[in-house]
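Numbered by our numbering, the letters in the sequence shown go through residues 64 to 200 in order.
See structure below.
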Amino acid sequence: MTDYTYERLLDEARDALPQNLFDGARFEMPKVKAITVGNKTIIKNFREIVNIFRRDENHMMKFILGEMATSGNIEGAQAVFQGKFAPTFIQDKVQKYADAYVLCPECKKPDTKIDKEGRIYFLRCEACGAKHPIKNM
Ligand SMILES: [Zn+2]
Numbered sequence: 064m065t066d067y068t069y070e071r072l073l074d075e076a077r078d079a080l081p082q083n084l085f086d087g088a089r090f091e092m093p094k095v096k097a098i099t100v101g102n103k104t105i106i107k108n109f110r111e112i113v114n115i116f117r118r119d120e121n122h123m124m125k126f127i128l129g130e131m132a133t134s135g136n137i138e139g140a141q142a143v144f145q146g147k148f149a150p151t152f153i154q155d156k157v158q159k160y161a162d163a164y165v166l167c168p169e170c171k172k173p174d175t176k177i178d179k180e181g182r183i184y185f186l187r188c189e190a191c192g193a194k195h196p197i198k199n200m
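Put into structure tokens, the structure is as follows:
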């Protein structure tokens with residue numbers, strides 16, 4: 064005699080699978096629109112990406128500049144970098160930023176907030192409730 068109902072078995076099977084299989088819409092990484100002009104590279108949709116990530120534009124700019132090992136600045140909705148860079152190279156840096164400061168390590172969703180507790184920053188997920196310390200804030 065067992066008390067396993069069909070529904071319960073179904074629930075357990077569902078729990079064993081990654082959550083986002085059932086939530087449908089997987090987060091789609093925004094695609095960097097970059098062009099080179101002379102000896103500069105411009106991310107045309109910089110602000111758009113910042114808005115999707117819901118992060119501070121200066122924080123993201125600082126990170127990307129560090130990763131690209133160049134100088135540059137935000138000009139309106141665009142970001143301008145010294146030097147010529149391939150769009151795929153920049154995309155890789157944007158991905159790195161998202162992995163470090165935007166996407167929840169548990170459920171991979173971008174519905175996160177950065178909280179500060181004492182001297183430590185946390186990435187708090189509004190979708191699944193996970194909380195992870197951020198290393199280099
Ligand atoms: Zn999450």
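Glycine is no exception: its CB is placed at the ideal position from the N, C-alpha and C atoms.
In this text the structure is predicted, and so the values were computed from the model without any measurement.
Is the region 142 to 157 touching the region 92 to 106, taking contact as three or more C-beta pairs under 8 Å?
-> Flag = yes, the region 142 to 157 and the region 92 to 106 touch.
_Determine whether the beta carbon atoms of Lys179 and Arg187 lie at a separation below 8 Å._
The sequence position of residue 179 within the sequence shown is 116, counting from 1. The sequence position of residue 187 within the sequence shown is 124, counting from 1. Arg187 sits away from Lys179, with the two beta carbons spaced by 8 Å or more.
Any heavy atom of ligand 1 within a distance shorter than 7 Å of the CB on Lys176?
To locate residue 176, count along the sequence shown from 1; it is residue 113. At a threshold of 7 Å, Lys176 does not count as near ligand 1, since its beta carbon sits no closer than that to any of the ligand's heavy atoms.
Taking a contact to mean a Cβ-Cβ separation below 8 Å, would you say Asp174 touches Ala163 in this structure? The residue labelled residue 174 in the question sits at position 111 within the sequence shown. The residue labelled residue 163 in the question sits at position 100 within the sequence shown. No. Outside cutoff.
Problem - 8 Å Cβ shell around Ile112 - same chain, five flanking residues per side excluded - result: Here residue 112 is taken as the residue at index 49 of the sequence shown, counted from 1. Pro93, Val95, Ile106, Met123, Val157.
Q.
Just to confirm my understanding: we take Asp134, look at its own chain, exclude 5 residues before and 5 after, and list those with CB closer than 6 Å. What are they?
A. The residue given as residue 134 occupies position 71 in the sequence shown. Per the sequence shown, the amino acid found at residue 134 is Ser instead of Asp. Cβ within range, chain order: Gln145.
>> Quick check on Val143: does DSSP put it in helix, strand or coil?
In response: For the purposes of this step, residue 143 is taken as the residue at position 80 of the sequence shown. Taken through DSSP and simplified to helix, strand or coil, Val143 comes out as strand.
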